[in-house]
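First up is the structure itself, then whatever we jot down about it.
Residue numbers (full-length UniProt numbering): 1 to 135.
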């Protein structure tokens, strides 16, 4: 499969990189194609890579439509411009906020959301918070 990200909004680079580690994955159309690539990696001692199959992530495509966000904050989907909706699996429903205080307010409201402040700390739907981001 060919495709790539077209671009993303520069001011939220740290947040996007922290929240979308799946963007480093290689996406294949089928498991069979992926197995051929893995064999090639092994035969040529090229190391390891992270892979996904379209047939396993297609169910996420209907969730890529625009929607109303809490507090009108942007979602990652709003900030990352893709040329193929298949990339939306990595973005999930994640909101980008300016600071942790606003992120906590949105994440821990009556409905739980995945939120990432600009500094790269991530608040998961489960209320787990991971700090650090990208250095």
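From the three backbone atoms N, C-alpha and C, an ideal C-beta is built for every residue, glycine too.
For residue 94, the enclosing beta strand (DSSP E) has its first and last residue at 94-97. Just measuring C-alpha positions, the residue of 109, 32, 120, 12 sitting nearest residue 70 is 109. Apart from the 5 residues on each side of it in sequence, residue 31 sits with its Cβ closer than 6 Å to the Cβ of 53 in its chain, given in chain order.
A check of alpha carbon separations from residue 127 across 80, 12, 112, 67 identifies 112 as the nearest. Residue pairing of residue 115 in beta bridges, as defined by DSSP: 95, 123. In the DSSP annotation of this structure, residue 49 is not part of any alpha helix (DSSP H), being labelled neither H nor E.
For residue 14, the secondary structure class from DSSP, reduced to helix, strand or coil, is helix.
Judged by beta-carbon spacing, residue 100 lies beyond the 8 Å limit of residue 14, meaning their Cβ atoms are not closer than that value. According to the DSSP assignment, residue 33 belongs to the alpha helix (DSSP H) that extends over 31-43. Residue 79 and residue 96 do touch by the CB rule: their CB atoms are close to 6 Å apart, below 8 Å.
Within the same chain, and ignoring the five residues on either side of residue 43 in sequence, no residue has its Cβ closer than 8 Å to its Cβ. Closest option to residue 55, judged by alpha-carbon separation, among 33, 130, 103: 33. Leaving aside the five residues that flank residue 25 on each side, the residues in its chain whose CB is nearer than 7 Å to its CB run, in chain order, 50, 51, 52. Looking at the backbone, the Cα of residue 47 and that of residue 68 are separated by about 42 Å.
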